[in-house]
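A quick write-up on the structure given underneath.
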Amino acid sequence: MGHAVMTHAPNRATTVNYADLPALAQKAFDQHMETADNAGTNHDYRTAMALAALTAGIPLPTGGEIALCACPNCWDCDRIFNANDPDARPFGQSDGYNLGRIQCPHCADAHRATDEQ
Numbered sequence: 007m008g009h010a011v012m013t014h015a016p017n018r019a020t021t022v023n024y025a026d027l028p029a030l031a032q033k034a035f036d037q038h039m040e041t042a043d044n045a046g047t048n049h050d051y052r053t054a055m056a057l058a059a060l061t062a063g064i065p066l067p068t069g070g071e072i073a074l075c076a077c078p079n080c081w082d083c084d085r086i087f088n089a090n091d092p093d094a095r096p097f098g099q100s101d102g103y104n105l106g107r108i109q110c111p112h113c114a115d116a117h118r119a120t121d122e123q
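Next comes the structure, spelled out in structure tokens:
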């Protein structure tokens with residue numbers, strides 16, 4: 007009698023650096039995030055988020071949202087990450103848009119943004 011062979015899904019990074027994406031992928035990612043930012047329906051927003059995550063090469067988190075670090079305190083952070091990570095830090099206002107301004111967990115820990123920035 008044969009033994010069942012267990013295969014494991016490859017581990018995929020849950021964050022990626024935007025600058026590491028090829029130029030064409032960066033352009034597509036930007037377009038998907040802009041679509042999400044201006045989406046008029048939840049369906050359109052969720053679809054754009056899924057396409058952005060696929061383009062970035064990361065799995066779509068359980069909450070269905072990713073973000074590009076918007077840290078105002080540094081110029082070199084370009085992490086794409088789970089927007090609902092409990093260690094991420096929303097800050098500022100994003101009136102009129104769907105996407106908030108969020109620091110990635112690394113930046114939030116290193117130099118926390120404030121709403122005044």
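Quick note: the sequence shown uses the working numbering, first residue 7, plus one each step. Ideal Cβ positions, reconstructed from N, Cα and C, are used throughout, including at glycine.
Measure from the alpha carbon of Phe97 to the alpha carbon of each residue in Cys83, Asp91 and Ile108, then state which is nearest. Of the listed residues, the one whose Cα sits closest to Phe97 is Ile108.
Can you tell me whether Asn25 is buried or exposed? The criterion is at least 16 other CB atoms within 10 Å of its CB, across all chains shown.
One detail in the question is off: residue 25 reads as Ala in this sequence, not Asn. Its Cβ having fewer than 16 others within 10 Å, Ala25 is exposed.
message: Pop quiz: Arg139 and Ala114 are said to be a contact at Cβ under 8 Å. What is the actual Cβ separation, rounded to whole angstroms?
response: Nothing about residue 139 can be reported from this structure: the residues present for the chain run from 7 to 123 only.
(message) Check this for me: beta carbons of Ala89 and Leu57, under 9 Å apart or not?
(response) no
| said: Within 10 Å of its beta-carbon, does Arg91 have 16 or more other beta-carbons around it, so buried, or fewer, so exposed? | reply: As written in the sequence, residue 91 is Asp, which differs from the Arg given in the question. Result: buried.
Beta carbon of Leu27, beta carbon of Thr61: below 9 Å? For Leu27 and Thr61, yes; Cβs fall inside 9 Å.
Does DSSP put Pro96 in a helix, in a strand, or in coil?
strand
*With distances taken between CB atoms, is the gap from Cys83 to His49 smaller than 9 Å?*
Cys83 is not a Cβ neighbour of His49, given a cutoff of 9 Å.
Measuring CA to CA, which of Trp81, Ile64 and Ala119 is closest to Thr20? Ile64
Please report the Cβ distance between Met55 and Ala42, rounded to the nearest whole angstrom; I am assuming they are in contact, meaning their Cβ atoms lie under 8 Å.
5 Å
TODO: Apply the 10 Å Cβ neighbour rule to Ala73 and answer buried if 16 or more other Cβ atoms are within range, or exposed otherwise.
DONE: buried
So, helix, strand or coil for Arg118, using DSSP? coil
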